[in-house]
Amino acid sequence: MTTDIILPIWKMGRTRLTNQLATITPESLSRRIHPDSNSIGWLLRHIAEVELLFAKNVFGRPLQVKLSTVGQGIKDLGHFTNLEELKGLLDESGRELEAAILDQEDGRWTTEITTREFGTITKAEALSRITTHTAWHAGQIAIIKKYDTAG
């Protein structure tokens, strides 16, 4: 596998998120599919945090990541309501993950890494994890937007 093949695959997968950003409003950030589920704002923050974690922990980017949506006992308390801040964080996480991908030498995609979260996998497999993680939560956002009766 080569980086010139992997990068466009990741970029296409991330469009499940980025294609929705233009239609998310400040008012929609607090919307949820169910009272006990996570809001759009929380999901956006979570996507960005996990992308930054991957850039740091899997690909070695020198980052400080402030976690608000990752860990035991984390609940959505409705704090993530600043759309511009969330979009800025998503821009940053996208740039950092892209830079991390571009930093990989072509022959290194089969290098194994070990993480606490998912054990020993190759860098290519790790990238598939973050791509599907982002797409999974982007799908949740799409469902909230589709069935939202408040707006």
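Residue numbering for the sequence shown follows this note's numbering, starting at 1 and increasing by one per position.
All C-beta atoms, glycine included, are put in the ideal place defined by N, C-alpha and C.
Beta-bridge partners of residue i, as assigned by DSSP
i: Glu-92; result: Note: Glu-92 sits in no beta bridge, so no partner.
i: Gly-119; result: Thr-115
Of the residues the options, the one placed nearest residue i, counting alpha carbons only
i: His-133; options: Trp-42, Gly-13 and Gln-104; result: Gly-13
i: Glu-49; options: Asn-38, His-34, Glu-112 and Glu-92; result: Glu-92
i: Leu-77; options: Ile-113, Trp-109 and Ile-40; result: Ile-40
i: Pro-62; options: Arg-116, Val-70, Ser-68 and Leu-52; result: Leu-52
i: Asp-36; options: Ser-68, Val-58, Ala-55 and Lys-75; result: Lys-75
i: Phe-152; options: Ile-143, Leu-83, Glu-117 and Tyr-147; result: Residue 152 is absent from the model: the chain starts at 1 and stops at 151.
i: Ile-144; options: Asn-57, Ile-24, Gly-73 and Gly-71; result: Ile-24
i: Leu-86; options: His-46, Gly-107, Trp-109 and Ile-113; result: His-46
i: Glu-27; options: Ser-128, Asn-82 and Asn-38; result: Asn-82
i: Ala-126; options: Gln-64, Arg-108, Arg-95 and Gln-72; result: Arg-108
Enclosing alpha helix (DSSP H) for residue i [first to last residue]
i: Thr-115; result: No alpha helix (DSSP H) contains Thr-115, which is instead part of the beta strand (DSSP E) from 112-115.
i: Gly-13; result: 3-18
Integer Cβ distance of residue i from residue j, believed to fall under 8 Å
i: Thr-131; j: Trp-42; result: With a Cβ gap of about 20 Å, Thr-131 and Trp-42 do not count as contacting.
i: Ile-6; j: Ile-101; result: 6 Å
i: Thr-18; j: Gln-104; result: Going by Cβ atoms, the distance from Thr-18 to Gln-104 rounds to 22 Å, so no, they are not a contact pair.
i: Phe-80; j: Leu-29; result: 6 Å
> For the stretch 41-65, which segments carrying the beta strand (DSSP E) assignment without a break, of at least 3 residues, lie completely within its bounds, in sequence order?
Replying inline: none
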